[in-house]
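Residue numbers (the working numbering), protein chains in the order written: chain F, 1 to 641; chain R, 1001 to 1374.
We put the CB at the ideal spot given by N, CA and C, even for glycine.
These figures come from a predicted structure and were not determined experimentally.
Below, the structure is given as C-alpha cells:
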C-alpha cells in the first residue's frame, strides 16, 4: 500500500486497511489504561468522546492484529507493543494466546426496535442476533488464528462446551464448526428476514434467545481445533454500544454485567450514550468501583497528563515516520520551542522597555516598591527573561495597589518579592506579555499536547496541520522546523475552523457554541485584568454540586424549560469533550462541579492552558449565557451609557 | 517523474513558500488522486501535477501563473470515468424509459400516472422492443449502456450509427421474432419496424458535428444528417428499419451545453419537420452558460487564452465553427475535460498538444480524431 502523504490525517482505525500500518501507528502507551490486575476478570466499559481511541484499542486485540504484532515482534516499532501484550497474556512466544472477537453494534441492531412486537420479544431478537454474530465472528477468528480458510476449514473446529451450558434452540452441542456456522447463519438470516418482512410477525418467525448464550460456547476450554485447545482466553468486544437504542443499551449492559459470562467482556461506547446524570457521574463519583469503567479522556487528565504527553509524542513520531516523501525522525524536533533565539531579542527588548517604563512610573515616589524595583534593575539576563521579570513585578505592584488596606510606605523585602513571584505569576506574565506585544505563545510540543484535551483525534488534527507545514518545507528542501510564530498561526487557523464548524455537527450546535463563547469571553475578561487576579488565568467555571443535582433532576428540569435547555447543552459539551468536567472539587468549604474549556478553545479565546483557574457561577448566570452572550462590566457600561 | 519531484517543480513554478505548499498540496493531491490522474491522454508516466507544472512554465512568472493556477483550482470541470459511467447508467431509467412509458400510455389509452400498469402493458413492451439505440461516437459507451439496462435486447443496441445492410436485415428479423413472443402472434407488417430511434453520445459542446448547414451547398450535413438521409432513402437497406411517418428520433446526450441544445433544437426542427412523426432531445447533465468562461468574470484568464494561442491549429475543420479556436471549437469557451479526451470545444490552452507541433502546451493534451482536425 502506498504510504499516505500526511499520516496524521488518518483518523478512525477502521480506515486503516492494512494491519501492518495499523500496528506500526499504534503506540503501546495507550495500553497503560488497561494495566489493572483484573484486566480479564470483570466486564470493562470503555467510554470516550468521538476520537478517544476506543475502536483502535479493540482492534489491537483482534486475531489479525495480534498475528501481525507477533510476526513483527523483532522490529523496533513493534517490540514494545509485543512485550506489553505479553505481560497482559494476550500473546506469548509462540503466537497469540487469546481469541479477540470484535463486534460493532452499528449494524441492524437498532432497527430491531422498530419491529411491531412487544418489548420482551424485541429483546430476545437482539440477543439472538448477537448470538449468531458472536458465533460467526469467533469461528472466523479461530480459522484466522490457525492460518486456515474461512469457511472452508470449519470442519477442523469442534465446540465442546460443559454440560450445564444454556440450551440454544436449534443447536445440539457438542458440535462441529460447520454445524455452529450453519446454525448461526440461519439464525442471522431469520432475524434479518424478520426485519425486512412486510408481513405480520408471529412467534414462529421470531427466533428469540434469553441470554448471550453463544458466549458460553466460545470459551477457551470449549473451542478445539483438531482436538486441541487453541487459546488461553477469549475476549468478547462489543464496540459502538451508543449506536443501539437507549432501551437496548440499558438492557444489554444490565444483561452482560449480571450474566457473569465465562469469557472476558469489554464494551465501548461514546459518552453521548449517557444521560446527564450518568455523564456527570461517569468515572468520577467517590466510592465507585472504578475498575469496570474507563473514560479515556478522564483517565489521562490530572496526574497522568505527563504520560499522555509522552503518548501523543510517540504517536506523532510513529505517524511522521510513516509519511511518504518525507524523512522526519522526530515530530517534536520540528516544532521550535524556544523564544531565546536572536530574532526574538529585539521584540523582547522593546517590550521590556515599555514594561520597565510603565512599572517605574507606577512605583515612582512609593518607597515600598523601591527594593523590588532595584532588584529588577540589577537583573542581568536575556531580554525575554528581563521582560518577563518586569511584567511579573508590574502584576504584583498592581495587586498591591488594589488592596483595600495598603501597608505602610516602608520598603518591602526582596524575599517577599521572590515569594510572591511564583510560577503562576510568571505564567500570567508570559501570557499578558505575549498578548500585548503580539509575541507567539502557543507553540512547542508540550503546548500541542495540552491543546488536545486528552483526546487523540484532536491531537492528530492539530499535529496534522503542523506536519503538513513541515512536510511542505521538506519538499522544498528547506528546514522542516516550524518557527513559533508560524506554529501559533497554523494552530489558531485550525482552531478557528473547528470553532466555525461547531454548530454544524454538534447537537444543539448554536446553543453549544453560544454557551462556550460566553464561558470563553468570561474567562478572557477574568484573565486579562491588570493584576492577573487568577494567575495564570481562568479557563473554566464551576457550579455547586447542589446545583449540579438540580440540573440532573428531571423533575426540576421538567418544570423549568430554561434549566432543561442548559442541562442538555452541558450534556452535549461533556459528551463531545467540549467541556472537561471535574466533580466534587472541594473549595471554600463547598463541593463544586468544574467545567473547564476544551483546551483548543483556550487558543480561540487567548487563554492559558493551565488548569486550576475557575470562577463559580450560579445556574441563572449560565442560563443567561444561553440567551445572551456574556458581556464584561465595561461592555455593559458602554451599552447602557 | 516522482510525485515529490513534480510537486517541487510546481512549487518552484509558482514561487510558493512552505506555507503555500501546505495549503495547496493536500487539495491538489486529493483532486489528482480522485480524478485528474486518470486522464487517458497523458503520455505514459505523466501525471496531473507534472502536467500542471509543465503547463505553468509557459506563462510568465508571477501574475500570469497565478491567474492560470486559479483557473484550474476554481473553474476546471473534469468529468471522470466514474461520473460518465453514472450518466450512462442514468440515461435509460431517468430519460428514455419515461419517454417510452409516456408514449405507451398514450397508445394503450392508460393515464400516464398509472406507471406500473403502463409498464406491464403489452404496448409498452412492444414499444420498448421497437426502440433502436445507436451510438454517435465511441464516447456513447454503448457497451456500458447495454450492461446497465438488461431489460433491453442486445439486438436493439448498436455501437455506431453506421449500419451495414446485413446488420439492418438481421435487426429486422430479430425484432420480428421478439415481437412474436411478446404479442404471442405474428406481428403485422406495420409492427415489424423500429418506431423509436435513440441516438446516444457522451458530449456536445456546439452541436455542429451532429448537424450543420454546409456553407457552399446549404444542405444539412453532420452525423445526424447522414443517418437521417440513410433512414429516409428508399434505396438504402437501412431505411427498411423504420417507417418515417411512424418514427420518433430522440437525441440522448450525457453531457451537453445550452449552446449545443439550442443549436440542435433549431436545426432538427427544420431537418425533421414533416419528414418523421416526431423528435426530441434528452440531456442527462446540462452544462449551463454559467460553466462557460465569460469576459467579465473570467477576463484575466481569457487574456491568457488570447495571448497563448497558436493559429497553426486552424484549418478547414475549425472553420466550420465560424471562429478561431482560442476559446475552443465554435467559441464555446468551455473549461471542460472528459476523462478519455478533452473536447475541442474547450479552451485551446487546455488541450493544445505540443506533440502535434503547437507552440502552446495544453494541461490535458487532446488527441485529435484524425489529422487536420483539432
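Check: Which first and last residues belong to the beta strand (DSSP E) in which residue 295 of chain F is found?
Finding: Your numbering for residue 295 of chain F matches position 295 in the first chain. Per DSSP, residue 295 of chain F belongs to the beta strand (DSSP E) from 293-295.
Check: Since residue 532 of chain F contacts residue 432 of chain F with CB under 8 Å, what's their CB separation in whole angstroms?
Finding: Here residue 532 of chain F is taken as the residue at index 532 of the first chain, counted from 1. Here residue 432 of chain F is taken as the residue at index 432 of the first chain, counted from 1. So it is a contact: roughly 7 Å between Cβ atoms.
Check: If you draw a straight line from the alpha carbon of residue 362 of chain F to that of residue 496 of chain F, how long is it in whole angstroms?
Finding: Within the first chain, residue 362 of chain F is the residue found at index 362, counting from 1. Within the first chain, residue 496 of chain F is the residue found at index 496, counting from 1. About 38 Å.
Next item on the list: Enumerate in chain order the residues of its own chain whose CB-to-CB distance from residue 261 of chain F is below 6 Å, with the five nearest sequence positions on each side excluded.
Entry: As a working note, residue 261 of chain F is residue 261 in the first chain. Excluding sequence neighbours, residue 261 of chain F sits near 215.
Item checked: Neighbour flag for residue 319 of chain F against chain R, beta carbons, 9 Å -> Walking along the first chain from the start, residue 319 of chain F turns up at place 319. It does not: the Cβ of residue 319 of chain F has no partner Cβ on chain R nearer than 9 Å.
Item checked: Whole-number beta carbon distance between residue 528 of chain F and residue 488 of chain F, since they are thought to touch under 8 Å -> The residue given as residue 488 of chain F occupies position 488 in the first chain. The residue given as residue 528 of chain F occupies position 528 in the first chain. That belief does not hold up - the Cβ atoms of residue 488 of chain F and residue 528 of chain F are roughly 18 Å apart, past 8 Å.
Margin query: Can you give me the C-alpha to C-alpha distance between residue 1047 of chain R and residue 1069 of chain R, rounded to a whole angstrom?
Written below: Here residue 1047 of chain R is taken as the residue at index 47 of the second chain, counted from 1. Here residue 1069 of chain R is taken as the residue at index 69 of the second chain, counted from 1. Residue 1047 of chain R and residue 1069 of chain R: Cα-Cα distance of roughly 16 Å.
Item checked: Beta-carbon neighbours of residue 478 of chain F, restricted to chain R and to distances below 8 Å -> As a first step, residue 478 of chain F is located in the first chain; it is residue number 478 there, counting from the start. Simply 1018.
Check: Is it buried or exposed for residue 408 of chain F, if we count other Cβ within 10 angstroms and need 16 for buried?
Finding: Position 408 of the first chain, counted from the start, is the residue given in the question as residue 408 of chain F. Exposed.
Notebook entry, point to check: Checking contacts by CB at 9 Å: is residue 1166 of chain R closer than that to chain F?
Noted result: Locating residue 1166 of chain R in the second chain gives position 166, counting from the first residue. For residue 1166 of chain R, the answer is no, since every Cβ of chain F falls outside 9 Å of its Cβ.
Margin query: Does the CB of residue 472 of chain F have a neighbour CB from chain R at under 9 Å?
Written below: The residue labelled residue 472 of chain F in the question sits at position 472 within the first chain. Chain R, which has a Cβ nearer than 9 Å to the Cβ of residue 472 of chain F, makes this yes.
Margin query: Only counting the same chain, and skipping five residues up and downstream in sequence, which positions put a Cβ closer than 6 Å to that of residue 1230 of chain R?
Written below: In the second chain, counting from the first residue as 1, residue 1230 of chain R sits at position 230. Correct list, in chain order: 1236 and 1238.
Checklist line | Where the beta strand (DSSP E) containing residue 1256 of chain R begins and where it ends | finding: As a first step, residue 1256 of chain R is located in the second chain; it is residue number 256 there, counting from the start. Run containing residue 1256 of chain R: 1248-1257, per the beta strand (DSSP E) assignment.
Checklist line | Selection from R:1051, R:1214, R:1027 and R:1218 that minimises the alpha carbon distance to residue 1002 of chain R | finding: For the purposes of this step, residue 1002 of chain R is identified with residue 2 of the second chain, where counting begins at 1. Measuring from the Cα of residue 1002 of chain R, the nearest candidate turns out to be R:1051.
Check: Given that a residue counts as buried once 16 or more other Cβ atoms are within 10 Å of its Cβ, and exposed if not, what is residue 240 of chain F?
Finding: Within the first chain, residue 240 of chain F is the residue found at index 240, counting from 1. By the 10 Å Cβ count, residue 240 of chain F comes out buried.
Margin query: Can you tell me where the beta strand (DSSP E) holding residue 1016 of chain R begins and where it ends?
Written below: The sequence position of residue 1016 of chain R within the second chain is 16, counting from 1. Here residue 1016 of chain R belongs to no beta strand (DSSP E), and DSSP marks it neither H nor E.
Next item on the list: Could you list the residues in the stretch 482-504 of chain F with a C-beta less than 9 Å from some C-beta on chain R, going in chain order?
Entry: 482, 486, 489 and 490
Margin query: As a quick exercise: from F:393, F:337 and F:439, pick the residue whose alpha carbon is nearest that of residue 372 of chain F.
Written below: By one-based count along the first chain, residue 372 of chain F stands at place 372. For the residues F:393, F:337 and F:439, the minimum Cα distance to residue 372 of chain F belongs to F:393.
Notebook entry, point to check: Got a sec, what are the start and stop residues for the beta strand (DSSP E) residue 614 of chain F sits in?
Noted result: Along the first chain, one-based indexing puts residue 614 of chain F at 614. First-last of the beta strand (DSSP E) with residue 614 of chain F: 614-616.
Notebook entry, point to check: Alpha carbon to alpha carbon, what distance is there between residue 268 of chain F and residue 183 of chain F?
Noted result: Position 183 of the first chain, counted from the start, is the residue given in the question as residue 183 of chain F. Position 268 of the first chain, counted from the start, is the residue given in the question as residue 268 of chain F. Looking at the two C-alpha atoms, the distance is approximately 28 Å.
Note to self: What are the residues in the stretch 455-471 of chain F lying within 7 Å of chain R by C-beta distance?
What the structure shows: 468 and 469
Check: Cα-Cα, which of F:32, F:618, F:452 and F:41 is closest to residue 80 of chain F?
Finding: By 1-based counting over the first chain, the position of residue 80 of chain F is 80. Ranking the options by Cα distance to residue 80 of chain F, first place goes to F:32.
Margin query: Strictly by DSSP, which residues pair up with residue 1285 of chain R?
Written below: For the purposes of this step, residue 1285 of chain R is taken as residue 285 along the second chain, with counting starting at 1. Residue 1285 of chain R pairs with R:1255.
Item checked: For residue 191 of chain F, three-class secondary structure by DSSP -> Here residue 191 of chain F is taken as the residue at index 191 of the first chain, counted from 1. The answer is helix: DSSP assigns residue 191 of chain F an H, G or I state.
Check: Cα-Cα, which of F:478, F:542 and F:553 is closest to residue 1008 of chain R?
Finding: As a first step, residue 1008 of chain R is located in the second chain; it is residue number 8 there, counting from the start. Of F:478, F:542 and F:553, the residue nearest in Cα terms is F:478.
Note to self: Let me check one thing: in DSSP terms, what residues is residue 587 of chain F bridge-paired to?
What the structure shows: Sequence index remark: in the first chain, residue 587 of chain F carries index 587 (1-based). F:590.
Checklist line | Span of the beta strand (DSSP E), counted from its first residue to its last, around residue 44 of chain F | finding: Locating residue 44 of chain F in the first chain gives position 44, where the first residue counts as 1. Note, residue 44 of chain F: beta strand (DSSP E), 44-48.
Next item on the list: For the stretch 1043-1054 of chain R, enumerate the residues whose C-beta is nearer than 8 Å to any C-beta of chain F, in chain order.
Entry: none
Check: If we cut at 9 Å on Cβ distances, does residue 1021 of chain R have a partner in chain F?
Finding: In the second chain, the residue the question calls residue 1021 of chain R occupies position 21. True, the Cβ-Cβ gap to chain F drops below 9 Å.
Margin query: For the beta strand (DSSP E) containing residue 266 of chain F, name the first residue and the last one.
Written below: One-based indexing of the first chain puts residue 266 of chain F at position 266. Segment 264-270, the beta strand (DSSP E) holding residue 266 of chain F.
Item checked: Closer than 7 Å at the beta carbon, the chain R residues around residue 325 of chain F -> Reading the first chain from its first residue, position 325 is the one you call residue 325 of chain F. The answer, in chain order, is 1003 and 1004.
Notebook entry, point to check: If you draw a straight line from the C-alpha of residue 1039 of chain R to the C-alpha of residue 1220 of chain R, how long is it?
Noted result: Mapped onto the second chain, residue 1039 of chain R falls at position 39. Mapped onto the second chain, residue 1220 of chain R falls at position 220. Answer to the nearest angstrom: the Cα atoms are 34 Å apart.
Next item on the list: Pull out every residue of the stretch 1058-1085 of chain R whose Cβ sits closer than 8 Å to any Cβ of chain F, in chain order.
Entry: none
Note to self: So for residue 105 of chain F, helix, strand or coil by DSSP?
What the structure shows: On the first chain, residue 105 of chain F is found 105 positions in, with the first residue counted as 1. Three-state result, residue 105 of chain F: coil.
Next item on the list: Would you kindly check if the distance between the Cβ of residue 138 of chain F and the Cβ of residue 223 of chain F is under 9 Å?
Entry: Translated into the one-based positions of the first chain, residue 223 of chain F becomes position 223. Translated into the one-based positions of the first chain, residue 138 of chain F becomes position 138. Yes, Cβ-Cβ distance for residue 223 of chain F and residue 138 of chain F is below 9 Å.
Next item on the list: Kindly give me the distance between the Cβ atoms of residue 1253 of chain R and residue 1198 of chain R, rounded to whole angstroms, as I take these residues to be in contact under 8 Å.
Entry: To locate residue 1253 of chain R, count along the second chain from 1; it is residue 253. To locate residue 1198 of chain R, count along the second chain from 1; it is residue 198. Actually they are not in contact, since the Cβ atoms of residue 1253 of chain R and residue 1198 of chain R sit about 11 Å apart, beyond 8 Å.
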